[in-house]
Amino acid sequence: MRSLPIEPEGRHIKIGARLRAVRQARHLTIDEVAKVSGLTKGFISRLERDRVTPSLNTLMELCDVLSIQIGSLFEPLDVQVVRAGEGPRMDLGGIRTEERLISPRHEAKVQVIRSRIEAGGHGGEELYSLAAEVDLLHILSGVVDAQFSGESWRLEPGDTATFKGKEPHSWSVVSPEGAEVIWVLVPALWSL
Numbered sequence: 016m017r018s019l020p021i022e023p024e025g026r027h028i029k030i031g032a033r034l035r036a037v038r039q040a041r042h043l044t045i046d047e048v049a050k051v052s053g054l055t056k057g058f059i060s061r062l063e064r065d066r067v068t069p070s071l072n073t074l075m076e077l078c079d080v081l082s083i084q085i086g087s088l089f090e091p092l093d094v095q096v097v098r099a100g101e102g103p104r105m106d107l108g109g110i111r112t113e114e115r116l117i118s119p120r121h122e123a124k125v126q127v128i129r130s131r132i133e134a135g136g137h138g139g140e141e142l143y144s145l146a147a148e149v150d151l152l153h154i155l156s157g158v159v160d161a162q163f164s165g166e167s168w169r170l171e172p173g174d175t176a177t178f179k180g181k182e183p184h185s186w187s188v189v190s191p192e193g194a195e196v197i198w199v200l201v202p203a204l205w206s207l
């Protein structure tokens, strides 16, 4: 039986940004990591910029200092992209609205919805609430009045209102050109 030669792919796995992110999340300086690990500051800096390839022993020592599993540095990238106009349509009950989910369908931690609302569009005659812990309304274009029990705020492009999802609220578009808004719900209320 003849064996097949295995040729290396010549890929360099970049782990530097992940190491730097962990170090910074732990509020450690390069100097502090260097002192504990016995590595030089220059080596750690070059490693975080993917300028050097560490030995397995060095990498294990560094992961021990940072309190992470070595395998976490090599986990596949988990990025999900929803292209403009491709998110599923939703109906949140708004009047004269087109709503699309722009976060991944099965994301349970957060739900992001982009709403295009015609002039005069609104959230209904009655105040309503959601089972989300946090509800965020960000205005991309147009002017929206956000109504709460006894109070209201006029929101313009760039403005953001953040409130408890259980807080009774509604909204109405007051600009003649309509509005475009982003809703963020934490956690997600449902999956599609």
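Numbering (the working numbering), first residue to last: 16 to 207. We put the beta carbon where it would ideally sit given N, CA and C, even for glycine.
The beta carbon of THR73 sits closer than 6 angstroms to none of the beta carbons in its chain outside the five residues before and after it.
The beta carbon of GLU182 is closer than 8 angstroms to those of SER144, ASP150, PHE163 and SER164 in its chain, skipping five residues each way along the sequence.
Contact between the segment 39-53 and the segment 63-82 is present: three or more C-beta pairs spanning the two stretches fall below 8 angstroms.
DSSP places ALA194 in the strand class (E or B) of the three-state scheme. Within its own chain, the residues whose Cβ lies closer than 6 angstroms to the Cβ of TRP186, once the five positions on either side in sequence are excluded, are GLY138, VAL159 and ALA161, listed in chain order. The count of Cβ pairs closer than 8 angstroms, one atom from the segment 109-122 and one from the segment 85-100, reaches three, so the stretches are in contact.
The residues ILE45, VAL48 and ALA49, in chain order, have a CB closer than 7 angstroms to that of ILE59 in the same chain once the five nearest residues on each side in sequence are set aside. Annotated three-state conformation of ALA147 is coil, per DSSP. Distances from the CA of GLU63 to each of SER70, VAL201 and ILE30 were compared; the closest alpha carbon is that of ILE30.
A distance below 8 angstroms separates the beta carbons of LEU77 and LEU54. When GLU195, GLU140, ILE128 and MET75 are compared, the shortest CA-CA separation from ILE154 is found for GLU195.
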